[in-house]
Structure formats: structure tokens, C-alpha cells
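Trainee:
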Amino acid sequence: MNDLDIHFGAIRAGDTDAFGQWVAGAESRLRLSLRTFAEDVDVESVVQETLLRVWQVAPRFVPDGRPDSLLRLAIRTARNLAVSEIRRRKPEAFDPAMLERSSRLEDITVPQVEADPMLREAILRCHDKLPTKQRSVLAARVESSGAEHDRDVAGRLGMTLNTFLQNFTRARRLLIECLRKLGIEPLAEVA
Amino acid sequence: MSPEEEALVESACTAWRPRATDGRIRFHPAWHDLDAGGRREVFERTVQLRALEQALDSGGMSTTARAVLARITRRA
Numbered sequence: 377m378n379d380l381d382i383h384f385g386a387i388r389a390g391d392t393d394a395f396g397q398w399v400a401g402a403e404s405r406l407r408l409s410l411r412t413f414a415e416d417v418d419v420e421s422v423v424q425e426t427l428l429r430v431w432q433v434a435p436r437f438v439p440d441g442r443p444d445s446l447l448r449l450a451i452r453t454a455r456n457l458a459v460s461e462i463r464r465r466k467p468e469a470f471d472p473a474m475l476e477r478s479s480r481l482e483d484i485t486v487p488q489v490e491a492d493p494m495l496r497e498a499i500l501r502c503h504d505k506l507p508t509k510q511r512s513v514l515a516a517r518v519e520s521s522g523a524e525h526d527r528d529v530a531g532r533l534g535m536t537l538n539t540f541l542q543n544f545t546r547a548r549r550l551l552i553e554c555l556r557k558l559g560i561e562p563l564a565e566v567a
Numbered sequence: 002m003s004p005e006e007e008a009l010v011e012s013a014c015t016a017w018r019p020r021a022t023d024g025r026i027r028f029h030p031a032w033h034d035l036d037a038g039g040r041r042e043v044f045e046r047t048v049q050l051r052a053l054e055q056a057l058d059s060g061g062m063s064t065t066a067r068a069v070l071a072r073i074t075r076r077a
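In order, the protein sequences belong to chains H and U. So our numbering is basically just the index in the first sequence, starting at one, shifted up by 376. So our numbering is basically just the index in the second sequence, starting at one, shifted up by 1.
1) Chain U partners of Asp526 of chain H, CB-CB under 9 Å?
2) How would you label Arg40 of chain U, buried or exposed, when you count the other beta carbons within 10 angstroms and need 16 or more for buried?
3) Under 7 Å between the Cβ atoms of Ala458 of chain H and Val417 of chain H?
4) I need the straight-line Cα distance from Cys554 of chain H to Leu495 of chain H, nearest angstrom please.
5) With a Cβ-Cβ cutoff of 7 Å, do Arg67 of chain U and Ser520 of chain H count as a contact?
6) State the CB to CB distance for the pair Glu11 of chain U and Thr508 of chain H, rounded to an integer number of angstroms; the pair is presumed to be in contact (CB under 8 Å).
7) Return the CA-CA distance between Asp23 of chain U and Arg407 of chain H, expressed in angstroms with no decimal places.
8) Any beta carbon from chain U within less than 7 Å of Ala567 of chain H's own beta carbon?
9) Residues of chain U with a CB under 9 Å from the CB of Ala400 of chain H: which are they?
10) With a cut-off of 7 Å, does the C-beta of Glu519 of chain H fall near any C-beta of chain U?
11) When the Cα atoms are used, what is the spatial distance from Glu497 of chain H to His33 of chain U?
12) Can you find a C-beta in chain H that's less than 7 Å from the C-beta of Arg40 of chain U?
13) Going along the chain, which residues of its own chain have a beta-carbon closer than 6 Å to the beta-carbon of Ala567 of chain H, five neighbours each way excluded?
14) Name the residue from H:Ser404, H:Pro435 and H:Ala515 whose alpha carbon lies nearest to the alpha carbon of Ala386 of chain H.
15) With 7 Å as the threshold, decide whether the Cβ of Leu70 of chain U is near any Cβ in chain H.
16) Using 7 Å as the limit for Cβ to Cβ distance, is Thr22 of chain U near chain H?
17) Which of helix, strand or coil does DSSP assign to Arg27 of chain U?
18) Check whether chain H comes within 7 Å of Ala37 of chain U, counting only Cβ atoms and requiring the distance to be less than that.
19) Who are the neighbours of Asn538 of chain H on chain U, taking C-beta pairs under 7 Å?
20) Closer than 7 Å by beta-carbon distance: list the chain U residues that pair up with His503 of chain H, in chain order.
21) Beta-carbon of Ser3 of chain U versus every beta-carbon of chain H: anything under 7 Å?
22) Would you call the CB atoms of Asp444 of chain H and Asp528 of chain H closer than 7 Å?
23) Where Asp381 of chain H and Leu446 of chain H are concerned, what is the direct C-alpha to C-alpha distance, given to the nearest angstrom?
24) Out of H:Leu500, H:Phe540 and H:Arg501, point me to the one whose CA is closest to Arg517 of chain H's CA.
25) Could you confirm whether any beta carbon from chain H is found closer than 7 Å to the beta carbon of Thr74 of chain U?
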């Protein structure tokens with residue numbers, strides 16, 4: 377896997393396109409690094425807040441010379457955010473071992489993922505096989521890019537929120553079933 | 002999983018998140034109503050969904066990435 381720090385110089389200079397490329401490569405590994413917190417924090421919120429903070433601190437960040445230093449900073453930031461949220465919401469449930477898991481930058485292990493080289497082609501093929509209604513709900517949520525509540529996305533399609541969610545569930549299941557028939561898992565973490 | 006739980010899980014898998022008055026990103030309201038199993042399901046389902054979204058996007062970006070970039074470019 378390529379070292380994502382190749383984008384660091386441009387990110388530090390304020391290049392949002394470079395940051396977008398870095399995020400495209402970093403997001404899945406950042407998210408997977410938070411699996412142990414999934415019951416205690418809304419990982420999607422933590423991932424988004426972390427990416428915003430990485431963008432803000434990047435101009436002042438000094439890489440340690442090892443690969444993926446910006447991603448390791450992101451993972452540490454995300455873990456610290458997750459721990460802070462747990463302490464704030466449920467102080468009685470706070471486990472000091474969590475702090476240990478979010479310690480030194482050089483100790484951060486970056487999860488490795490195995491992307492099937494045929495994945496994109498297979499997803500597009502399976503996507504094209506979806507019934508029209510399921511394809512439209514999937515496309516509508518992707519196009520909204522997290523800017524709208526599902527209720528508003530559903531309204532644009534003339535659906536109730538429940539109908540939209542049922543169609544979305546069906547779309548996701550059909551896509552995954554189709555991919556599995558082709559022998560492909562959308563994202564496999566390397567042990 | 003009951004239909005109600007299923008709807009909560011699917012709702013929480015979107016990249017949309019409410020914002021606090023200070024701009025911080027808050028948890029999805031549906032996430033609060035889920036038990037531990039439901040929250041784990043949200044995590045696993047979101048991992049898969051974002052990979053699908055990245056493959057369907059010409060720039061290789063998920064809805065999470067698009068949401069974050071939209072905030073950054075609005076600020077710039």
C-alpha cells in the first residue's frame with residue numbers, strides 16, 4: 377500500500393484536492409481503527425470530526441519520517457476524541473486501558489485493508505443490476521453526500537422515510553449478495 | 002432484528018450528522034436509540050457502505066469524505 381504522506385506537502389499548503397485524495401486513501405483504515413469503540417461512540421461522527429481536525433492541524437504537523445505519519449496522527453486524534461466522548465457521556469464506564477490504546481504516535485498500528493482489484497468493476501456491474509427503485513435511493517443518498525437528513529432525501533423521491541430506508545436496506549443487501557456471488561467482499565481487513 | 006431496529010440502524014449509516022452550535026459534529030439521533038448489538042451493526046454496515054460508495058464515485062470518495070470536504074471548502 378502506498379504511503380499517504382505523498383500528499384502531505386500539498387495538504388500543508390492548503391490544497392483541498394490533495395486532502396481529498398488523502399482522505400480517499402485514509403478513511404477506511406481510520407474507521408477500522410475505531411472498531412473497539414463502536415458500542416460506545418458514533419464512529420461516523422468521530423471520523424468526520426477527526427478529518428476536520430487533521431485538516432486544521434496539518435500546517436503545523438511535523439512528520440516523524442515513518443510512513444503514513446498523517447494517518448497515524450489521525451488515528452491518535454480519533455481515539456482521543458472517542459475516549460473524551462466516553463468520559464463525558466459515561467464517566468463510570470471509562471476504562472483507563474482506553475487511554476493506553478491512544479498513546480504515542482509511533483506506537484499506532486495502522487489497520488491494513490485488502491482491496492480487491494476487481495472491486496470497482498464488480499460493484500458497478502452489480503449496481504447496474506439493481507431494480508430502478510433501489511438504484512434511485514442508493515443514488516439519492518450518495519448524491520446528498522451527507523448534507524441532508526434521510527427524511528429530506530426521501531421527500532425529494534416522493535417517499536416516506538420508512539419506505540426510503542426499506543428500499544435502501546434492500547439495495548444494500550442486493551449489492552452485497554451480488555458481490556458475494558462474484559466471490560468479492562467489499563472491504564476485507566488483513567489480519 | 003425488529004423492523005424498528007432495522008430502520009434505526011439504516012438511518013445511522015448515513016454520513017449526515019447534526020451540528021452543535023459551536024460547529025462540532027454530533028452523534029446521529031438514531032444511534033442513541035440502539036443497543037450495543039445495533040451499534041456494532043451500524044459500524045460494520047457503514048464500513049461496507051463507504052467502500053461501495055467509494056467504488057461508485059468517480060473521485061473514489063465516500064459520502065463521509067464528500068461531507069467533510071464540503072465543510073472545508075465552505076470555510077475556505
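Even glycine gets a Cβ: it sits at the ideal position worked out from N, Cα and C.
Mentor: Judging by the given coordinates:
1) Near Asp526 of chain H (Cβ distances below 9 Å), the residues of chain U are Glu11, Ser12, Thr15 and Trp17.
2) By the 10 Å Cβ count, Arg40 of chain U comes out buried.
3) Taking a C-beta distance under 7 Å as the contact criterion, Ala458 of chain H and Val417 of chain H qualify as a contact pair.
4) Taking the straight line joining both Cα atoms gives about 12 Å.
5) At least 7 Å separates the beta-carbon of Arg67 of chain U from that of Ser520 of chain H.
6) Not confirmed; about 20 Å, so no contact.
7) Our two residues, Asp23 of chain U and Arg407 of chain H, have alpha carbons roughly 24 Å apart in a direct line.
8) Summary for Ala567 of chain H: the model assigns pLDDT 48, below 50, so the residue's position carries little reliability; its value from the coordinates is reported in the next sentence. Not an interface residue.
9) Near Ala400 of chain H (Cβ distances below 9 Å), the residues of chain U are Gln55, Asp58, Gly60, Gly61, Met62, Ser63 and Ala66.
10) Not one chain U Cβ lies under 7 Å of Glu519 of chain H.
11) Between the alpha carbons of Glu497 of chain H and His33 of chain U lies a distance of about 36 Å.
12) So yes, Arg40 of chain U belongs to the interface.
13) Residue confidence is low: Ala567 of chain H scores 48 on pLDDT, short of 50, so the model does not pin down where it sits. Its coordinate-derived value is still stated next. Closer than 6 Å at Cβ, skipping near neighbours: no residue.
14) Closest option to Ala386 of chain H, Cα to Cα, is H:Pro435.
15) Cβ-Cβ to chain H under 7 Å: yes for Leu70 of chain U.
16) Using a CB distance cut-off of 7 Å, Thr22 of chain U does not count as an interface residue toward chain H.
17) DSSP places Arg27 of chain U outside both helix and strand once states are collapsed to three, so it counts as coil.
18) Chain H contact via Cβ: present.
19) Within 7 Å of the CB of Asn538 of chain H, the CB atoms of chain U belong to Ala8, in sequence order along the chain.
20) Within chain U, the residues Leu57 have their CB atoms less than 7 Å from the CB of His503 of chain H, given in chain order.
21) It does not: the Cβ of Ser3 of chain U has no partner Cβ on chain H nearer than 7 Å.
22) When the beta-carbon positions are compared, Asp444 of chain H and Asp528 of chain H stay at least 7 Å from each other.
23) Near 6 Å, if we compare the C-alpha coordinates of Leu446 of chain H and Asp381 of chain H.
24) The candidate whose alpha carbon is nearest that of Arg517 of chain H is H:Phe540.
25) So, interface residue.
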